[in-house]
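Enquirer: My structure is below; once you've seen it, I'll send some questions.
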Amino acid sequence: MKKTAIAIGLVFILGCAGFWILTAPWAWTLVHRPSRDIPDEGPANLANGHLLFTAAACAICHATPNQPNENLLGGGKTLTSDFGAFHMPNISPDVADGIGSWSTAQFIRAMREGITPHGENEYPAFPYPSYQRMTANDLRDILAYIKTLPPVHGKAPAHDLKFPFTIRRAVGAWRMLFLDGKALAPDTRHDERWLRGRYLVEAVAHCAECHSPRNALGAISADRRYAGGPSPDGSAYVPNISPDETGIGYWSVNEIARYLKEGLTPLNIPAGGDMREIVHATAKLSADDRLAMAAYLKTLAPIDAPNAGVPEPNRTAEVKVLPARENAGASQLATLAASSQALERADTAYVVVTQPFYLSAEDAASGAKAPDGKFLAASPLKIVSRRNGLLQVRLDGWRQQGSDNAMYALPGQRILQSVLAPSAIPMVRTGENHSDVAGQAWRDASLTAWIKPAGLATDMNVLWQYNSKVFNATCSACHAVPETEGFLANQWIGTLKSMKLYTSLSDDEYRQLLAYLQFHAKDTLAATQRSARQ
Numbered sequence: 047m048k049k050t051a052i053a054i055g056l057v058f059i060l061g062c063a064g065f066w067i068l069t070a071p072w073a074w075t076l077v078h079r080p081s082r083d084i085p086d087e088g089p090a091n092l093a094n095g096h097l098l099f100t101a102a103a104c105a106i107c108h109a110t111p112n113q114p115n116e117n118l119l120g121g122g123k124t125l126t127s128d129f130g131a132f133h134m135p136n137i138s139p140d141v142a143d144g145i146g147s148w149s150t151a152q153f154i155r156a157m158r159e160g161i162t163p164h165g166e167n168e169y170p171a172f173p174y175p176s177y178q179r180m181t182a183n184d185l186r187d188i189l190a191y192i193k194t195l196p197p198v199h200g201k202a203p204a205h206d207l208k209f210p211f212t213i214r215r216a217v218g219a220w221r222m223l224f225l226d227g228k229a230l231a232p233d234t235r236h237d238e239r240w241l242r243g244r245y246l247v248e249a250v251a252h253c254a255e256c257h258s259p260r261n262a263l264g265a266i267s268a269d270r271r272y273a274g275g276p277s278p279d280g281s282a283y284v285p286n287i288s289p290d291e292t293g294i295g296y297w298s299v300n301e302i303a304r305y306l307k308e309g310l311t312p313l314n315i316p317a318g319g320d321m322r323e324i325v326h327a328t329a330k331l332s333a334d335d336r337l338a339m340a341a342y343l344k345t346l347a348p349i350d351a352p353n354a355g356v357p358e359p360n361r362t363a364e365v366k367v368l369p370a371r372e373n374a375g376a377s378q379l380a381t382l383a384a385s386s387q388a389l390e391r392a393d394t395a396y397v398v399v400t401q402p403f404y405l406s407a408e409d410a411a412s413g414a415k416a417p418d419g420k421f422l423a424a425s426p427l428k429i430v431s432r433r434n435g436l437l438q439v440r441l442d443g444w445r446q447q448g449s450d451n452a453m454y455a456l457p458g459q460r461i462l463q464s465v466l467a468p469s470a471i472p473m474v475r476t477g478e479n480h481s482d483v484a485g486q487a488w489r490d491a492s493l494t495a496w497i498k499p500a501g502l503a504t505d506m507n508v509l510w511q512y513n514s515k516v517f518n519a520t521c522s523a524c525h526a527v528p529e530t531e532g533f534l535a536n537q538w539i540g541t542l543k544s545m546k547l548y549t550s551l552s553d554d555e556y557r558q559l560l561a562y563l564q565f566h567a568k569d570t571l572a573a574t575q576r577s578a579r580q
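For the sequence shown, the residue numbers in the numbering used here are 47 to 580.
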């Protein structure tokens with residue numbers, strides 16, 4: 047027993063020693079012995095540093111949040127991932143809290159090897175696997191430019207990671223596995239424009255870091271590079287940008303360059319999410335640099351990788367309309383409906399599937415006659431009373447002059463909430479006239495009716511989250527995730543209707559998605575946020 051205990055103890059000690067050696071920052075340098083270029087003597091090129099700082103979009107991650115000056119690099123932005131929350135550090139030239147005291151050699155080591163001046167391993171949320179390809183002169187110039195910016199006091203919070211990722215030293219093993227420390231290999235087969243594009247895409251702009259799937263350890267899957275994948279927080283899908291038909295194969299070089307300048311796809315769909323901020327940066331590059339990036343992207347290996355939830359593309363010349371799925375939407379939407387117990391406690395319900403309503407409880411109970419109208423997707427219904435398993439509800443909305451058979455969510459917005467039969471029209475209570483920006487007359491309105499307690503939710507956020515996922519699975523293969531600066535609420539009506547035939551959405555799914563997009567348009571988001579708080 048004593049010998050066994052000693053043996054176990056020795057194995058443990060050797061294991062700890064091996065881990066300590068393997069994960070030490072100097073161990074990577076010892077194994078790889080990188081013989082890389084060093085900066086030339088003489089002053090840094092500040093113009094080049096500014097250009098590369100912009101191309102790398104450093105401010106997107108490191109600018110102090112909630113202020114307009116992208117040159118204030120106080121950090122603090124949070125990147126949420128499966129590993130936990132990474133808080134971007136202060137990289138302003140503040141000596142105490144930023145990188146103002148860093149030497150050029152220390153900066154180059156951090157950018158190429160992922161090692162801080164204090165000898166700590168950097169987490170690869172910092173994209174040094176791409177920055178390792180940069181030249182020493184360019185890294186010197188970037189640091190020199192950063193040191194011309196205003197210093198910002200204060201440190202970002204420490205990362206909030208899950209165990210065992212809290213063990214920073216273990217990143218040394220990750221570096222051993224996935225960091226090669228090499229420059230881009232010389233290539234005499236291509237011209238100077240292609241080489242410049244490769245350098246910008248692969249190194250400076252680190253495009254693969256977002257547009258590639260990752261393995262369980264968070265490293266880019268080499269055989270799926272640029273094939274797209276889930277965003278770090280899992281809220282969206284970063285698209286395939288390889289030149290495959292499921293990626294950007296149909297984009298020309300000039301169309302890619304235009305996108306990098308204007309943020310518009312060949313279908314005139316605007317860039318969304320973080321990509322809009324990236325375009326803000328690439329738009330400041332020269333036309334030659336944008337064309338170089340585009341030319342390089344068109345020569346990548348094409349990868350067949352449709353976006354998540356998207357069916358395989360039609361690979362024939364025939365235009366195909368997807369068949370309707372009877373009740374498919376209803377069966378999925380049914381999972382959003384609240385239980386009878388939840389409805390008993392609620393004072394407001396939200397329409398999940400179209401609700402026929404009746405002016406009398408008797409008619410609602412029997413269902414023998416035609417309904418007096420319908421309440422449509424996402425409409426908020428105030429619960430007035432309950433009787434014999436039925437709900438008496440009130441819809442508050444707006445009625446446009448000349449459209450007595452409809453109620454809308456907001457004046458001036460065609461966000462349809464209810465369609466009224468002739469019997470219900472005189473039962474709508476209306477208030478004073480209001481005029482919208484086009485001079486059309488609107489009156490606030492309310493209608494009380496009876497419905498059965500089915501197909502209703504008690505939390506509007508449940509509907510919004512569901513519809514966000516539907517958009518990502520159905521539409522985001524071609525279209526950016528909807529942003530508040532994109533479409534107006536009324537523009538979504540024709541846009542979504544024109545695409546409905548090319549999806550498998552049921553009528554209720556379509557109405558839910560339309561309501562979501564309209565309420566999250568740039569002219570209605572404030573009303574959506576108020577509704578969520580209420």
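By construction, the Cβ of each residue, glycine as well, lies at the ideal position given by its N, Cα and C atoms.
Since this is a predicted model, take the numbers as computed values, not measurements.
(1) Given a cut-off of 8 Å, decide if L422 and S464 are closer than it, judged by their beta-carbon atoms.
(2) Just list the residues that DSSP pairs Q438 with in beta bridges.
(3) Whose C-beta lies closer than 7 Å to the C-beta of R157 among residues of the same chain, with five residues either side of it excluded?
(4) S412: buried (16+ other C-beta within 10 angstroms of its C-beta) or exposed?
(5) Put F582 into one of helix, strand or coil per three-state DSSP.
(6) Just to confirm before moving on: does the CB-CB distance between Q387 and I497 stay below 8 Å?
(7) Using only the alpha-carbon positions, how far apart do A273 and I471 sit?
(8) Considering only residues of the same chain and omitting the five flanking positions on each side of E372, which have a CB-CB separation below 6 Å?
(9) With F132 as the anchor, note down where its beta strand (DSSP E) starts and where it stops.
(10) Quick one: grab the DSSP three-state call for V398.
(11) Take every Cβ of the segment 296-304, pair it with every Cβ of the segment 147-157, and state whether three or more of those distances are shorter than 8 Å.
(12) In chain order, what residues of the same chain lie with their CB nearer than 8 Å to the CB of A407, ignoring the 5 residues before and after it?
(13) Excluding the 5 residues flanking G33 on each side, which residues of the same chain have their C-beta closer than 6 Å to its C-beta?
(14) Quick test of your reading: L456 and W444, contact by CB under 8 Å. State the CB separation rounded to the nearest angstrom.
(15) For Q463, name the three-state secondary structure that DSSP assigns.
(16) Please name the residue in H133, D442 and M222 whose C-alpha comes closest to that of D206.
(17) In whole angstroms, give me the CA-to-CA distance for K123 and N136.
(18) Alpha carbon to alpha carbon, how far is A249 from F209?
(19) When you compare only the Cα positions, how much space is there between A103 and A219?
(20) Expressed to the nearest angstrom, what Euclidean distance is found between the alpha-carbon atoms of L389 and D409?
(21) Below 8 Å between beta carbons: does that hold for A282 and G319?
(22) Measure the alpha-carbon distance for F224 versus S267 and round it to whole angstroms.
(23) Count the other CB atoms within 10 Å of the CB of T345; is the residue buried (16 or more) or exposed (fewer)?
(24) Which residues does DSSP list as the beta-bridge partners of M453?
(25) Return helix, strand or coil for W444, following the three-state DSSP convention.
(26) Does E478 come out as helix, strand or coil in the three-state DSSP assignment?
(27) Is DSSP giving D490 helix, strand or coil here?
(28) Can you tell me the Cα-Cα spacing of S127 and H164, whole angstroms?
(29) In chain order, what residues of the same chain have a beta carbon less than 8 Å from the beta carbon of A582, not counting five sequence neighbours either side?
(30) Quick one: residues in its chain with C-beta nearer than 6 Å to the C-beta of N314, no 5 flanking neighbours on either side, listed in chain order?
(31) Which whole-angstrom value describes the C-beta separation of Y396 and A503, a residue pair presumed to lie in contact below a C-beta threshold of 8 Å?
(32) Could you have a look at Y283 and say whether DSSP puts it in helix, strand or coil?
(33) Quick check: what's the CA-CA separation for G116 versus E87?
(34) Could you give the residue range of the beta strand (DSSP E) that holds S127?
(35) In three-state terms, what does DSSP make of G275?
(36) Using the three-state DSSP reduction, which class does D335 fall into: helix, strand or coil?
Expert: If we stick to the structure as given:
(1) On the sequence shown, position 418 is the one that residue 464 refers to. On the sequence shown, position 376 is the one that residue 422 refers to. Cβ atoms of S464 and L422: closer than 8 Å.
(2) The sequence position of residue 438 within the sequence shown is 392, counting from 1. Q438 pairs with S431 and W496.
(3) Taking the first residue of the sequence shown as 1, we reach residue 157 at position 111. Here residue 157 turns out to be Met, not Arg, going by the sequence shown. Around M157: Y174, Y177, M180 and L185.
(4) Translated into positions along the sequence shown, residue 412 becomes position 366. Label assigned to S412: exposed.
(5) Within the shown structure, residues of the chain are numbered from 47 to 580, placing residue 582 beyond reach of any answer.
(6) As a first step, residue 387 must be located in the sequence shown, where it is residue number 341. As a first step, residue 497 must be located in the sequence shown, where it is residue number 451. Inclusion of Q387 and I497 in the CB contact set at 8 Å is not warranted, their separation being larger than that value.
(7) Numbered from its first residue, the sequence shown carries residue 273 at position 227. Numbered from its first residue, the sequence shown carries residue 471 at position 425. Whole-angstrom Cα-Cα distance: 54 Å.
(8) The residue labelled residue 372 in the question sits at position 326 within the sequence shown. For E372, the pLDDT reaches just 48, beneath the cut-off of 50, and the residue's location in the model is therefore unreliable, leaving the point undetermined.
(9) Working through the sequence shown from its first residue, we reach residue 132 at position 86. From DSSP, the beta strand (DSSP E) with F132 extends over G130 to H133.
(10) Translated into positions along the sequence shown, residue 398 becomes position 352. Three-state result, V398: coil.
(11) They do not touch, by the three-pair rule.
(12) As a working mapping, residue 407 is identified with position 361 in the sequence shown. Excluding five sequence positions before and after A407, the CB atoms of its chain that fall closer than 8 Å to its own CB belong to R433, N434, L436, Q438 and W496, given in chain order.
(13) Only positions 47 to 580 of the chain appear in this structure, which leaves residue 33 out of reach.
(14) By one-based count along the sequence shown, residue 456 stands at place 410. By one-based count along the sequence shown, residue 444 stands at place 398. 6 Å between Cβ atoms; contact.
(15) For the purposes of this step, residue 463 is identified with residue 417 of the sequence shown, where counting begins at 1. Judged by DSSP in its simplified three-state form, Q463 adopts strand.
(16) As a first step, residue 206 must be located in the sequence shown, where it is residue number 160. Just measuring C-alpha positions, the residue of H133, D442 and M222 sitting nearest D206 is H133.
(17) Within the sequence shown, numbered from 1, the residue matching residue 123 stands at position 77. Within the sequence shown, numbered from 1, the residue matching residue 136 stands at position 90. Approximately 10 Å between the Cα atoms of the pair.
(18) Here residue 249 refers to the residue found at position 203 when the sequence shown is read from its first residue. Here residue 209 refers to the residue found at position 163 when the sequence shown is read from its first residue. Taking the straight line joining both Cα atoms gives about 31 Å.
(19) On the sequence shown, position 57 is the one that residue 103 refers to. On the sequence shown, position 173 is the one that residue 219 refers to. When rounded, the separation of the alpha-carbon atoms in A103 and A219 is 28 Å.
(20) Translated into positions along the sequence shown, residue 389 becomes position 343. Translated into positions along the sequence shown, residue 409 becomes position 363. Going from the Cα of L389 to the Cα of D409 covers about 21 Å.
(21) Here residue 282 is taken as the residue at index 236 of the sequence shown, counted from 1. Here residue 319 is taken as the residue at index 273 of the sequence shown, counted from 1. Yes, these two residues count as a Cβ contact at 8 Å.
(22) If you number the sequence shown from 1, residue 224 lands on position 178. If you number the sequence shown from 1, residue 267 lands on position 221. Approximately 10 Å between the Cα atoms of the pair.
(23) Locating residue 345 in the sequence shown gives position 299, where the first residue counts as 1. Exposed, because fewer than 16 other Cβ atoms sit within 10 Å of the Cβ of T345.
(24) Locating residue 453 in the sequence shown gives position 407, counting from the first residue. DSSP, once it has assigned bridges, lists S464 as partnering M453.
(25) Along the sequence shown, read from residue 1 onward, the residue named residue 444 stands at position 398. Strand.
(26) In the sequence shown, residue 478 corresponds to position 432, counting from 1. Here E478 sits in strand by DSSP.
(27) Within the sequence shown, the letter at position 444 stands for residue 490. Strand.
(28) In the sequence shown, counting from the first residue as 1, residue 127 sits at position 81. In the sequence shown, counting from the first residue as 1, residue 164 sits at position 118. Answer to the nearest angstrom: the Cα atoms are 26 Å apart.
(29) Residue 582 is absent from the model: the chain starts at 47 and stops at 580.
(30) In the sequence shown, counting from the first residue as 1, residue 314 sits at position 268. Counting only residues of its own chain and dropping the five nearest sequence neighbours on each side, N314 has no CB closer than 6 Å to any other CB.
(31) Here the question's residue 396 lines up with position 350 in the sequence shown. Here the question's residue 503 lines up with position 457 in the sequence shown. Confirmed, about 5 Å.
(32) Against the sequence shown, residue 283 aligns to sequence position 237. Here Y283 sits in strand by DSSP.
(33) Along the sequence shown, one-based indexing puts residue 116 at 70. Along the sequence shown, one-based indexing puts residue 87 at 41. Checking the displayed sequence, the identity of residue 116 turns out to be Glu instead of Gly. In a straight line, the C-alpha of E116 is about 30 Å away from that of E87.
(34) Numbered from its first residue, the sequence shown carries residue 127 at position 81. Its beta strand (DSSP E) spans residues T124 to S127.
(35) Here residue 275 refers to the residue found at position 229 of the sequence shown. Under the three-state reduction of DSSP output, G275 falls in the strand class.
(36) Translated into the one-based positions of the sequence shown, residue 335 becomes position 289. Of the three classes helix, strand and coil, the one that applies to D335 here is helix, per DSSP.
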